[in-house]
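Trainee: Numbering-wise (this note's numbering), the sequence shown opens with residue 561 and increments by one.
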Amino acid sequence: MKRRDLIKQLGLAVPGLALSKSAAAAFLSANVNPVSDTTFNPTWQSLQNYKVPDWYRNAKFGIWAHWGPQCEPGYGDWYARGMYIEDSDQYKYHLKKYGHPSKFGFKDVINEWKADRWDPDQLLALYKKAGAQYFFALANHHDNLDLWNSSHHKWNSVTVGPKKDLIAGWAKAAKKQGLPFGVSVHAAHAWSWYEVAQRSDLNGALRGVPYDGKISKSAGQDKWWKGLDPQELYAQNHSLSENSLDNGMIHRQWDWTNGVS
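#1: Using the Cα positions of residue 793 and residue 804, report the straight-line distance between them to the nearest angstrom.
#2: Here's a check: name, in chain order, each residue in its chain whose Cβ is nearer than 6 Å to the Cβ of residue 660, leaving out the five neighbours to either side.
#3: Taking only the alpha-carbon atoms, compute the straight-line gap between residue 673 and residue 617 and give it to the nearest angstrom.
#4: Below 8 Å, can you find three or more Cβ-Cβ pairs linking the segment 732–749 to the segment 673–688?
#5: DSSP state of residue 670, grouped into three classes?
#6: Looking at residue 757 and residue 773, is the spacing between their C-beta atoms short of 9 Å?
#7: Grouping DSSP H, G and I as helix and E and B as strand, with all else coil, what is residue 756?
#8: Taking C-alpha atoms, which residue in 679, 795, 712, 737 lies nearest to residue 703?
#9: Where does residue 706 land, buried or exposed, given buried means 16+ other C-beta within 10 angstroms?
#10: For residue 700, write down the residues that DSSP places opposite it in a beta bridge.
#11: Could you give the C-beta distance for residue 724 and residue 675, rounded to a whole number, given that I count them as a contact under 8 Å?
#12: Out of 643, 650, 667, 639, which has the shortest C-alpha to C-alpha gap to residue 791?
#13: Note down the Cα distance separating residue 647 from residue 639, rounded to an integer number of angstroms.
#14: So, for residue 695: in the same chain, excluding its five sequence neighbours on each side, which residues have a beta-carbon less than 7 Å away from its beta-carbon?
#15: Can you say whether residue 609 is buried or exposed, counting buried as having 16 or more other CB atoms within 10 angstroms of its CB?
#16: Is residue 641 buried or exposed, if buried means 16 or more other CB atoms sit within 10 Å of its CB?
#17: With a 10 Å radius around its C-beta and 16 neighbouring C-beta atoms as the bar for buried, classify residue 602 as buried or exposed.
#18: Could you compute how far the alpha carbon of residue 652 sits from the alpha carbon of residue 611?
#19: If you drop the 5 nearest sequence neighbours on each side, which residues of the same chain put their C-beta closer than 7 Å to that of residue 807?
#20: Reducing DSSP to helix, strand and coil, say where residue 784 ends up.
#21: Given a threshold of 16 other Cβ atoms within 10 Å of its Cβ, counted over all protein chains shown, does residue 798 qualify as buried or as exposed?
#22: When we look at the beta-carbon of residue 711 and count the other beta-carbons within 10 Å, is it buried (16 or more) or exposed?
#23: Give me the Cα-Cα distance between residue 588 and residue 628, rounded to the nearest whole angstrom.
#24: Bridge partners for residue 623 per DSSP, in chain order?
#25: Between the C-alpha atoms of residue 722 and residue 670, what's the straight-line distance to the nearest angstrom?
#26: Got a sec? Which residues, its chain only, sit under 6 Å from residue 615 by beta carbon, not counting five neighbours each side?
What follows is the structure in structure tokens.
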């Protein structure tokens with residue numbers, strides 16, 4: 561993604577996040593200018609009015625922490641998709657480490673992720689020492705987990721997994737170092753990206769047993785996620801899209817073609 565495209569997306573993402581009070585306060589009190597003081601409408605014409613801020617245009621080096629629950633297994637950035645693709649390396653790894661995805665899905669991987677060694681102050685000091693002139697943090701990947709105290713759904717890093725407001729922590733640490741801070745949100749394609757979780761093995765002893773992609777809230781009465789609705793995370797109450805197993809298809813649909821996303 562080009563820098564201009566990234567910052568254009570950031571201009572949309574920050575106002576629309578509905579961040580927790582702590583995250584929003586930390587973000588807004590940082591010693592930087594906001595990415596834009598312009599009000600945008602959901603049209604391409606409106607977006608053309610966006611102007612890249614000087615601090616970003618003039619910066620030579622920045623760091624983006626693309627860090628989230630996929631780092632718990634540590635086996636690829638698209639782990640939450642690959643673990644549901646039979647015979648993929650991530651699927652095979654998942655079988656060995658966690659078990660079959662019909663019984664242990666990505667929602668359960670999230671529960672394993674505690675972020676207990678995360679030290680944002682230490683990391684931001686290191687990034688500043690390395691020469692970073694700004695810092696971005698991942699607020700939501702395609703896996704659809706909000707990494708702040710979200711009002712959108714309970715699948716967030718305060719309710720599950722780390723039990724911490726990660727965006728608030730990043731924002732406060734960036735402020736201490738005097739670094740402009742931004743967030744990125746990648747959830748627009750979660751419902752198509754996760755579609756492989758609707759599938760099942762085509763071979764082996766568990767052939768035809770559905771993965772956990774369409775599991776509902778009622779199935780969690782005796783589970784760790786009791787009271788949570790997995791469909792708020794997976795968003796799979798729909799039919800499969802054409803070629804949903806094709807990773808290339810996902811990339812071709814970034815521009816909302818073929819009726820997906």
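Each residue gets a CB set at the ideal place from its N, CA and C atoms; glycine is no exception.
Mentor: On the basis of the supplied data:
#1: Distance between the alpha carbons of residue 793 and residue 804 is about 18 Å.
#2: Closer than 6 Å at Cβ, skipping near neighbours: 766.
#3: The straight-line gap from Cα to Cα measures roughly 36 Å.
#4: Touching, yes.
#5: In the structure shown, residue 670 sits in a helix (DSSP, three-state: H, G or I).
#6: In this structure, the beta-carbon distance from residue 773 to residue 757 falls below 9 Å.
#7: Residue state for residue 756 is assigned as helix, using DSSP reduced to three classes.
#8: The shortest Cα separation from residue 703 among 679, 795, 712, 737 belongs to 795.
#9: With 16 or more other Cβ atoms from the protein chains shown falling within 10 Å of its own Cβ, residue 706 counts as buried.
#10: Residue pairing from DSSP places residue 700 in a beta bridge opposite 745.
#11: With a beta-carbon spacing of about 6 Å, residue 724 and residue 675 fall inside the 8 Å limit used to define contacts.
#12: With distances taken between Cα atoms, residue 791 lies closest to 667.
#13: Pairing residue 647 with residue 639, the inter-Cα distance amounts to about 13 Å.
#14: The residues are 622, 623, 684, 687, 734, 739, 741.
#15: Around the C-beta of residue 609, fewer than 16 other C-beta atoms lie within 10 Å, and the residue is accordingly described as exposed.
#16: So residue 641 ends up on the buried side.
#17: Label assigned to residue 602: exposed.
#18: Each residue's Cα considered, the two are about 46 Å apart.
#19: When the five nearest sequence neighbours on each side are left out, no beta carbon in the same chain lies closer than 7 Å to the beta carbon of residue 807.
#20: Note: residue 784 maps to coil in three-state DSSP.
#21: The residue in question, residue 798, is exposed, as its Cβ has fewer than 16 Cβ neighbours within 10 Å.
#22: Around the beta-carbon of residue 711, fewer than 16 other beta-carbon atoms lie within 10 Å, marking it exposed.
#23: Because residue 588 carries a pLDDT of 46, less than 50, the predicted location of this residue cannot be relied on, and the following value inherits that uncertainty. Residue 588 and residue 628 have their C-alpha atoms some 23 Å from each other.
#24: Residue pairing by DSSP places residue 623 opposite 695 in a beta bridge.
#25: Distance from the CA atom of residue 722 to the CA atom of residue 670, rounded to whole angstroms, is 9 Å.
#26: Excluding sequence neighbours, residue 615 sits near 740.
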